[in-house]
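Under the numbering used here, think of the first position of the sequence shown as 3, with each following residue one higher. Positions of the beta carbon are idealized from the N, C-alpha and C atoms, including for glycine. From a predicted model like this one, the values you see are computed outputs, not experimental measurements. Worksheet: the structure to be examined is printed underneath.
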Amino acid sequence: MSSTPYASQRVLDIPPSGIRKFFDIAATMRDVISLGIGEPDFDTPEPIVQAGIEALKRGATHYTSNSGLVELRKALGAHLQQRYGVVYSPDSEILVTVGVSEALYVAMAAILDPGDAIIIADPCFVAYEPTARMVDAVPVIIPTTPETGFQVTAQAIEAAITPRTKALLLASPNNPTGTTIDRDELVRIAAVAAKHDLVVLSDEIYDRLVYGVEQVCFASLPGMRERTIVLQGFSKSYAMTGWRVGYLAAPAALAAEIRKLHQYLIMSAPTASQWAALKALEVGDPFVELMRAEYDRRRRLIVDGLNSLGLTCVEPRGAFYAFPSIACTGMDDNAFAEGLLQEEQVAVIPGSVFGAAGTGFVRMSYATAYEKIEMALERIARYIQRHCGI
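Below is the structure:
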């Protein structure tokens with residue numbers, strides 16, 4: 003019998019977020035440099051903030067359509083068509099959600115029956131596997147490695163397919179590795195999805211934060227629109243994490259089923275936040291580019307710095323994460339992260355939090371000031387010199 007009265011076995015089987023442990027410890031300490039949080043350190047651009055304030059002042063405090071503001075959905079349709087050449091109907095194929103987290107849950111719940119298998123590459127965002135388990139699906143985890151740049155391959159996906167496999171979850175750019183999947187590999191993955199009639203969930207939340215590579219919307223590939231659910235949002239690119247606005251785009255028949263879950267769970271995303279998101283689409287591009295350029299500057303600093311310390315790092319081409327190996331230290335990733343926090347007040351996240359393939363790595367977010375990253379690298383250098391003699 004469960005030691006927690008009344009709790010379901012489903013929730014007991016889901017571990018708490020491994021990221022939260024380090025945030026909680028860091029919150030009790032002084033002079034901590036956090037390379038742990040996956041959140042922009044920029045404030046939401048002022049015109050976007052003002053749009054939210056103005057919405058509140060004019061009384062936009064009521065429910066919107068379950069699907070979201072029609073003005074926002076129209077703008078999203080235009081945005082996806084302009085950037086990626088893929089066309090979605092604002093009336094029937096775009097759903098505004100409470101962040102991408104809700105979009106991920108309702109998408110999985112809508113497509114997966116108990117026992118259905120969904121393929122997920124490892125390392126991955128901490129919510130993917132638990133969300134699959136919440137809907138009684140079976141997450142099938144396939145490892146990626148530094149040798150392939152942490153890119154999941156069509157060959158590995160096909161090898162993992164069984165008669166129970168119904169869906170595939172892709173994330174490019176990836177959290178925690180910061181790596182992207184190139185177009186040629188995505189085309190090969192698309193062929194596997196078509197051959198085995200898989201539904202594809204494509205998490206593209208970091209699509210605007212890429213560095214020197216092409217960002218490909220999976221639904222824009224030939225034949226993929228009708229089997230793909232694109233998961234997107236405003237949190238990362240527009241520095242709008244607290245506004246909680248995401249969205250998904252899917253074929254009309256599938257979007258209608260997803261919308262039913264959204265209706266009962268949420269009703270509608272926050273109204274003032276939706277007006278702010280509309281303003282982000284209207285005026286946000288220059289702000290996105292300024293933030294992206296600064297992330298790129300920090301990216302080069304942290305990757306070069308880590309490599310110079312012997313913490314070898316596959317070059318991240320998207321998002322704002324570096325994922326260095328700590329093999330040279332002889333420490334496991336949990337011990338490394340705990341010691342670095344306690345001794346040098348630098349917070350990083352053990353790679354094993356993101357899956358077994360992350361063991362021996364740590365995630366470092368460069369969504370913090372350039373000067374703080376410089377100080378963090380100095381502290382990390384002291385730490386590994388003290389313990390490893392490097």
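query = Which word fits Ala295, buried or exposed, when buried means at least 16 other C-beta atoms lie within 10 angstroms of its C-beta?
reply = exposed
task = Please confirm whether Thr164 and Ala119 have their CB atoms less than 9 Å apart.
result = yes
key: Residues near Lys374 in its chain [Cβ-Cβ closer than 8 Å; skip 5 each side]   = Ile35
request  = Would you tell me roughly how many angstroms separate the C-alpha atoms of Glu216 and Gln83, rounded to the nearest one?
outcome  = 16 Å
task = Put Arg32 into one of helix, strand or coil per three-state DSSP.
result = coil
query = Are Gly248 and Val348 close, meaning C-beta to C-beta below 9 Å?
reply = no
message = Taking 9 Å as the threshold (C-beta atoms), are Pro49 and Cys126 in contact?
response = no
query = Helix, strand or coil: which one does DSSP assign to Pro116?
reply = coil
query = If you count every other CB in all the chains shown that lies within 10 Å of the CB of Pro224, and 16 or more means buried, which is it?
reply = exposed
Contact check, Tyr213 vs Ser239, beta carbons under 9 Å = no
task = Identify whether Leu200 lies in helix, strand or coil by the three-state DSSP scheme.
result = coil
Beta-bridge partners of Ile351, as assigned by DSSP = Arg365
task = Assign Glu291 to buried or exposed, taking buried as 16 or more other Cβ atoms, counted over all protein chains shown, within 10 Å of its Cβ.
result = exposed
inquiry  = I need the boundaries of the beta strand (DSSP E) containing Tyr249, first residue and last residue.
reply    = 248-251
inquiry  = Beta-carbon within less than 8 Å of Gly117's beta-carbon, same chain only, minus the 5 sequence neighbours each way: which residues are those?
reply    = Asp138, Ala139, Val140, Arg166
query = On the three-pair Cβ rule with 8 Å, is the stretch 99-107 touching the stretch 229-246?
reply = yes
ask   = Of all the options Ile268, Asp45, Gly79, which has the alpha carbon lying nearest to the alpha carbon of Tyr107?
value = Ile268
task = Note the first and the last residue of the continuous beta strand (DSSP E) segment covering Ile328.
result = It is not in any beta strand (DSSP E) - Ile328 carries neither H nor E in the DSSP assignment.
query = CB Thr181 to CB Phe363, shorter than 9 Å?
reply = no
ask   = Using the C-alpha atoms, what's the distance from Pro175 back to Arg299?
value = 18 Å
Within the stretch 225-270, ranges of the alpha helix (DSSP H) (whole runs, at least 4 residues) = 254-267
ask   = If we count the other Cβ atoms within 10 Å of its Cβ and call it buried at 16 or more, is His1 buried or exposed?
value = Absent from the model: residue 1. The displayed extent of the chain is 3 to 392, so no value can be given.
task = Would you check if the distance between the CB atom of Ile39 and the CB atom of Ala369 is smaller than 9 Å?
result = yes
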